[in-house]
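Asker:
Residue numbers (my numbering), protein chains in the order written: chain B, 66 to 578; chain H, 1342 to 1671.
What follows is the structure, given as structure tokens:
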């Protein structure tokens, strides 16, 4: 090693880092320590603050509070480029190189070997070749980067970062689109780099890979640090509990009115419903006046289930029934026609029409359902908007305000209002409380209960297990894109859900031991 | 005041007033109107009359742009429909001529809409195809010649008058009212704005976004067909090479001047037509002033810049900051 740093001494130290976006506190006094030569997994569910942490450390976002030390010296990069110059390189899941340029050009972008103001192509090719050989890659460096697989693009991005004298390498979901063999190659390179003293931050939601490659694990949850552990001494169940659940043994008591089901009428049912490569066929019964929770880790198939149920994605097998009659759900329009509503997880891209007013956003689904030739008059629109603004306490209460100017919680309420206005029989809510401040959070949970008492059927996805336990009559647990367990009544508690999520992993661990 | 003049249209109305005032200065007779043989004459009438093709195009274009699309083919569609009208005019009655041309415009619109909505092509590329091919089709129809006609019915469409107003103006006004009635009288306006504002979200809310997109391209084709017939009737002939040439750009400009963002969403039919009038008022003014028409392009660019700056929230934000600074200093 060139630098005389002790392998166990901290290379990158983050202390008390905070960052808010409006009212949403994305990071609250987070600490993170990366030692030289270690592979450190950064884990957490969507919205836990992983990306925010990376982006604040690398200067993409300015920080509100806290310090970052690199090799003992305080650094405050103002941009990703400045972070790179300081020695912190990031490779994102979507490789941010230029697919139309050659591999060599990508490697030496911005720093091509020059002579008399002209790029020395030959020299650049030679050096690119040598650099990639270091990574066990022997490819034609003059071919466009886009011609190669995602794995090779990733290695190219890593090679470029390392060659730019990176001491810290942050890999954000690098394995998401790689096959098993490519993952092996990447892991080989990561181990080699770690041996050279580079500190690697590995963000992934594949727990198997985390256990395979990482020395240490830091878990974030809701923008806070949950803990840092050594991988070898952290059981999977414990890790999943750190990611999903607070220590909430008493939450079960909140769910006092454990209702007898079966007495209730079935609203919609799905039999052998699924789509190859998307989610394994599942059976699901949704009853009137009942909340069904979907629990599982990120990527376990929760959102996929929701989209299939609503019709946003087409099933390639199985049967769907609404009030007993077989139906075809080929598009969101079909879902809406059968009285379904869907509040997607990505409110900004899939939910609101930011430029339009609160009123227009609220009446949108109802108007689409009624059709072109039966327009809602302005009076009717005003009345509907006023009713829901009041009922859901949407603030500010001006229905003519563009919805993009509202806070996340109020946007979520507008989306709820959009579907309630259509008098649905089934509402699918994907992470309804994500990115919402604490006050609105409680209100939305209260609303879910009230809607259910009014006879609506609800399918709710949440990463907040104690939340799911609070309002669900039944909980479906998912793992690896399949429904693996259904809990009802007394059986619904955080411990049982965690056990179901981790069951397979635990079994594998025992088999491996 | 604010009730009469919506804040959104203020920049356009101011721009039109300024340009009219300038026109009055360069040409003292600009506001003169006289009645002759039951028809009004004067520079203002000229502006309206000359402005009809672009005004008609902008009526279709504004809807296309509201869905976050664009239609580059309208000039070529004008040429096709002008050629069809000229070829049929002397052998058939006006209803047949109109049915054939509007039908052709509809088919052109369907083609564009099919490429964009069904095949998912980028609008600018999809409509470029017809922009290029359309002029070729028009030349095939006219067999490379300038086809002239003398059918009095069709000539009336370009040069006649109704209640003292030239027929093209009446047609454009009628189309504005018809489009407004269809778009704002039904739910179409809201659903188009939602589709343009956020297509993914609208789709998930149950809006038939493909049908919306198809419909606006079809309407744009029909508007272009009408503009093409009027342009042909005006000169009593069809010139496949030059009819509607570059008018797609004027139409896009009119829409942008009218405050509709190229990123889709909110649109205003009236302001788009006002944008077309602003462009024509400038053109006429420069012609009357005796300056070489080359100036036209430069002046157009300056006026467009001015209108866009007036609309830009960032610019008014800067102006607001400047005002505050002045106040705090005082």
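Cβ atoms here follow ideal geometry from the backbone N, Cα and C, with glycine treated the same way.
Keep in mind that this is a model prediction, so the values were computed, not measured.
If you reduce the DSSP assignment to three classes, tell me which class residue 279(B) lands in.
Answerer: Of the three classes helix, strand and coil, the one that applies to residue 279(B) here is coil, per DSSP.
Asker: Which one or two residues does DSSP pair with residue 1489(H) in a beta bridge?
Answerer: Answer by DSSP bridge pairing, in chain order: 1578(H).
Asker: Residue 1541(H) CB to nearest chain B CB: under 8 angstroms?
Answerer: Taking Cβ atoms only, chain B reaches closer than 8 angstroms to residue 1541(H), which makes this a yes.
Asker: In or out: residue 119(B) buried (at least 16 other Cβ within 10 Å) or exposed?
Answerer: So residue 119(B) counts as buried.
Asker: With 7 angstroms as the limit, tell me which residues of the region 1530-1561 of chain H have their beta carbon closer than that to any beta carbon of chain B; keep them in chain order.
Answerer: From the region 1530-1561 of chain H, only 1531, 1532, 1534, 1535, 1538, 1539, 1541, 1542, 1543, 1544, 1545, 1546, 1547, 1548, 1549 have a Cβ closer than 7 angstroms to chain B.
Asker: Pull up the distance between the alpha-carbon of residue 346(B) and that of residue 331(B), whole angstroms please.
Answerer: Cα to Cα, residue 346(B) sits roughly 20 angstroms from residue 331(B).
Asker: Using 8 angstroms as the limit for Cβ to Cβ distance, is residue 414(B) near chain H?
Answerer: Judged by the 8 angstroms Cβ criterion, residue 414(B) is in contact with chain H.
Asker: Taking a contact to mean a Cβ-Cβ separation below 8 angstroms, would you say residue 427(B) touches residue 486(B) in this structure?
Answerer: Yes, the Cβ-Cβ distance between residue 427(B) and residue 486(B) is below 8 angstroms.
Asker: With DSSP run on the structure shown, which of helix, strand or coil describes residue 541(B)?
Answerer: Strand at residue 541(B).
Asker: Helix, strand or coil for residue 396(B) per DSSP?
Answerer: If DSSP states are grouped into helix, strand and coil, residue 396(B) belongs with coil.
Asker: Could you say if the region 1592-1601 of chain H and the region 1462-1482 of chain H meet the contact criterion of at least three C-beta pairs nearer than 8 angstroms?
Answerer: No, they do not touch.
Asker: Starting from the N-terminal side, write out each stretch of the beta strand (DSSP E) that is 3 residues or longer and does not extend beyond the region 453-520 of chain B.
Answerer: Correct list: 491-495.
Asker: From residue 496(B) to residue 527(B), what distance separates their C-alpha atoms?
Answerer: Answer to the nearest angstrom: the Cα atoms are 5 angstroms apart.
Asker: List the residues that DSSP assigns as beta-bridge partners of residue 548(B).
Answerer: Answer by DSSP bridge pairing, in chain order: 543(B).
Asker: Drop a sphere of 10 angstroms on the beta-carbon of residue 96(B), count the other beta-carbons inside from all chains shown, and report buried for 16 or more, exposed for fewer.
Answerer: Classification of residue 96(B): exposed, given that the 10 Å Cβ count is below 16.
Asker: Starting from residue 1581(H), find everything on chain B with Cβ-Cβ shorter than 7 angstroms and list it in chain order.
Answerer: Residues of chain B passing the Cβ test: none, with the nearest at roughly 37 angstroms.
Asker: Does the distance from the CB of residue 1469(H) to the CB of residue 1559(H) come in under 8 angstroms?
Answerer: Taking 8 angstroms as the Cβ cut-off, residue 1469(H) and residue 1559(H) do not qualify as a contacting pair.
Asker: Which residues of chain H have a Cβ atom closer than 9 angstroms to the Cβ of residue 421(B), listed in chain order?
Answerer: Within chain H, the residues near residue 421(B) are 1531, 1534, 1535, 1538, 1539, 1606, 1607.
Asker: Within the 8 angstroms Cβ cut-off, does residue 425(B) reach chain H?
Answerer: Taking Cβ atoms only, chain H reaches closer than 8 angstroms to residue 425(B), which makes this a yes.
Asker: Determine whether the Cβ of residue 453(B) lies closer than 8 angstroms to any Cβ atom of chain H.
Answerer: Not one chain H Cβ lies under 8 angstroms of residue 453(B).
Asker: Mind listing which residues of the region 395-414 of chain B have their C-beta closer than 7 angstroms to chain H's C-betas, in chain order?
Answerer: Within the region 395-414 of chain B, the residues whose Cβ lies closer than 7 angstroms to some Cβ of chain H are 397, 398, 401, 407, 409, 414, listed in chain order.
Asker: Less than 6 angstroms between C-beta atoms, sequence neighbours within five positions excluded: which residues of the same chain meet that for residue 1584(H)?
Answerer: Excluding positions up to five away in sequence, the list reads 1419, 1420, 1423, 1572.
Asker: Tell me which same chain residues have a C-beta within less than 7 angstroms of the C-beta of residue 287(B), skipping the five on either side of it?
Answerer: Here the set comprises 113.
Asker: Using CA atoms only, rank isn't needed, just tell me which of 1452(H), 1456(H), 1429(H) is closest to residue 1491(H).
Answerer: Per the Cα distances, 1429(H).
Asker: Listing by chain order, which chain B residues have their CB less than 7 angstroms from the CB of residue 1527(H)?
Answerer: Those are 437, 438, 440, listed as they occur along chain B.
Asker: Tell me which residues share the same chain as residue 344(B) and place their Cβ nearer than 8 angstroms to its Cβ, disregarding the 5 neighbours each side in the sequence.
Answerer: Once the five neighbours on either side are set aside, the close Cβ partners of residue 344(B) are 366, 369, 370, 373, 546, 547.
Asker: Less than 8 angstroms between CB atoms is the rule here; does residue 478(B) satisfy it with respect to chain H?
Answerer: No, residue 478(B) lies away from the interface with chain H (no Cβ there is under 8 angstroms from its Cβ).
Asker: Starting from residue 129(B), trace the alpha helix (DSSP H) in both directions and tell me its first and last residue.
Answerer: Residue 129(B) -> no alpha helix (DSSP H), and no H or E assigned at all.
Asker: Using the Cα positions of residue 358(B) and residue 535(B), report the straight-line distance between them to the nearest angstrom.
Answerer: So the alpha carbons of these two residues sit roughly 10 angstroms apart.
Asker: Using C-beta distances below 7 angstroms, list every residue in its chain close to residue 320(B), excluding the 5 sequence neighbours before and after it, in chain order.
Answerer: Annotation note: pLDDT 45 at residue 320(B) (below 50); position unreliable, coordinate value reported separately. Hits under 7 angstroms: 534, 535, 557.
Asker: Taking C-beta to C-beta, are residue 539(B) and residue 524(B) nearer than 8 angstroms?
Answerer: Contact flag unset, no.
Asker: Compare the Cα-Cα distances from residue 1647(H) to each of 1600(H), 1606(H), 1483(H) and report the closest residue.
Answerer: Comparing Cα positions, the closest option is 1600(H).
Asker: For residue 438(B), does the three-state DSSP call read helix, strand or coil?
Answerer: Three-state result, residue 438(B): coil.
Asker: Please report the distance separating the alpha-carbon of residue 1405(H) from that of residue 438(B).
Answerer: Rounded to the nearest angstrom, the two C-alpha atoms are 20 angstroms apart.
Asker: Checking 8 angstroms against the spacing of the C-beta atoms, do residue 102(B) and residue 264(B) come in under that value?
Answerer: Yes; because the gap between Cβ atoms is below 8 angstroms, this pair is in contact.
Asker: Using the C-alpha atoms, what's the distance from residue 1388(H) back to residue 1506(H)?
Answerer: Straight-line Cα distance between these residues: approximately 12 angstroms.
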